[in-house]
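Note that our numbering has the sequence shown beginning at 17, numbered continuously upward. These notes concern the structure reproduced below.
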Amino acid sequence: MKATYYGQSCVEFDFDGIKVLLDPFVTYNPLAKDIDVNTIKPDYIFLSHGHQDHVADMATVQKNSGATVLAIVETAEWVRKQGVPEDKVIEFNLGGTVQLPFGSVKMVYAVHTNSTPDGQYGGLPVGFVFNVKGKKIYFAGDTALTMEMKLLADIGLDWAFLPIGGYYTMDVDDAIKAAEFINCDRVVGIHYDSFPPIKIDKQLALDKFQNTDVSLSLPKIGETIEL
Ligand code: NI
Ligand code: MN
């Protein structure tokens with residue numbers, strides 16, 4: 017089981033050959049200029065919400081791959097409007113779990129806002145908990161620290177992908193608290209450095225995590241890590 021980081025919150029899981037892409041945003045990310053978006057061909061695309069830095073390449077990647085796109089109901093409506101065929105869109109909602117060939121995915125709470133690029137209401141922003149052959153992975157999406165995260169404490173999470181850039185989401189200090197709330201000791205940092213307001217001191221982030229029982233991974237853009 018592997019994860020490749022494409023910058024911002026764009027992550028591709030490889031679940032023993034089934035590829036799952038989250039929050040496609042590559043073309044407009046100057047930090048990801050070495051990534052050719054046309055080489056990304058997932059089987060599934062999950063959207064945490066409709067902000068541009070999470071969906072900008074959805075239509076391109078979907079067209080190239082024929083991937084099935086999953087999102088909360090209102091964001092899924094926007095996905096259909098981008099020309100994605102009805103049978104390639106799965107809408108669900110908070111608290112719901114979908115069963116897919118690689119495992120199950122539950123949609124969970126996030127504290128943020130959500131509109132789609134056409135200015136419409138996108139439903140609530142969300143995170144996802146993947147359960148793949150007993151391995152549990154939390155992708156938080158864009159979120160502030162919230163007490164609701166404590167609801168994930170007894171799941172037995174193996175990995176958590178948490179925003180650490182601050183300004184629009186949690187920062188490093190809140191991500192450390194979030195790791196406690198969700199009872200997970202392996203964090204991969206996302207949603208940092210792409211724009212000036214979310215530039216962080218990476219060494220300081222690593223040092224802060226070093227003082228806790230939680231490990232922080234910051235893969236380079238294009239790098240693949242083993243989960
Ligand atoms: Ni956002
Ligand atoms: Mn964002």
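We put the CB at the ideal spot given by N, CA and C, even for glycine.
With the cut-off set at 8 Å, would you say residue i and residue j are in Cβ contact?
i, j, result
"LYS122", "PHE144", "yes"
"LEU86", "PHE108", "yes"
"ILE214", "VAL142", "no"
"GLY112", "ALA75", "no"
"LEU168", "ILE206", "no"
"ILE241", "ALA19", "yes"
"PHE62", "PHE118", "no"
"PHE155", "VAL77", "no"
"THR185", "THR162", "no"
"SER233", "GLY157", "no"
"PRO235", "TYR21", "yes"
"GLY66", "SER131", "yes"
For residue i, which residues of its own chain have a beta-carbon under 6 Å away from its beta-carbon, when the five flanking residues on both sides are left out?
i, result
"LYS224", "VAL188"
"ASP174", "LYS151, LYS152"
"GLY23", "ASN45, LEU47, ALA48, ILE237"
"CYS200", "LEU173, ALA176"
"ASP69", "GLN24, PHE41"
"VAL105", "VAL85, ALA92, VAL95, ARG96"
"SER120", "THR113, ASN147"
"VAL5", "The requested residue 5 is not part of the displayed model; the chain covers only 17 to 243."
"LEU38", "VAL27, PHE62, PHE155"
Name the one or two DSSP bridge partners that residue i has.
i, result
"ILE34", "PHE31"
"PHE211", "BP columns for PHE211 are empty, so no partner."
"ILE241", "ALA19"
"PHE12", "Since the first and last residues shown for the chain are 17 and 243, residue 12 lies out of range."
"LEU232", "VAL203"
"TYR137", "SER131"
Which same chain residues, not among the five before or five after residue i, have their C-beta less than 7 Å away from its C-beta?
i, result
"SER81", "LYS57, PRO58"
"ASP73", "PRO40, PHE41, VAL42, THR43, VAL53"
"VAL3", "Any answer about residue 3 is impossible in this case: the structure gives the chain only from 17 up to 243."
"LYS218", "LEU234"
"VAL127", "THR159, ALA160, THR162"
"ILE51", "TYR22, VAL42, ILE237, GLY238"
"LYS149", "GLY119"
Who are the near neighbours of residue i in its chain, counting only those whose CB is closer than 8 Å to its CB and skipping five residues on each side?
i, result
"LEU110", "ILE88, MET123, VAL124, TYR125, LEU140, VAL142"
"GLU102", "ARG96"
"LYS6", "Only positions 17 to 243 of the chain appear in this structure, which leaves residue 6 out of reach."
"LEU243", "MET17, LYS18, ALA19, PHE29, LYS151, ILE153, ASP174, TRP175"
"GLU239", "THR20, TYR21"
"TYR137", "GLU90, ASN130, SER131"
"VAL83", "The sequence given here places Ala at residue 83; Val does not occur at that position. Correct list, in chain order: LEU37, LYS57, PRO58, ASP59, TYR60, ILE61, VAL77, LYS104."
Compare the C-beta of residue i with all C-beta atoms of chain C and state if any pair is closer than 8 Å.
i, result
"ASP229", "Although the question refers to chain C, the structure presented lacks it and comprises just one protein chain."
Check your understanding: Per the contact definition of three or more C-beta pairs closer than 8 Å, is the segment 165 to 182 in contact with the segment 85 to 96?
Key -> no
Practice item. Jot down the residue ranges of each uninterrupted alpha helix (DSSP H) in the segment 161 to 206, minimum 4 residues, whole runs only, in chain order. Key: 188 to 198
Check your understanding: Along the chain, which unbroken stretches of the beta strand (DSSP E) at least 3 residues long are found entirely within the segment 104 to 129?
Key -> 105 to 108, 113 to 116, 119 to 125
Review point. Which whole runs of the beta strand (DSSP E) in the segment 48 to 111 are 3 residues long or more, in chain order?
Key: 60 to 62, 84 to 88, 105 to 108
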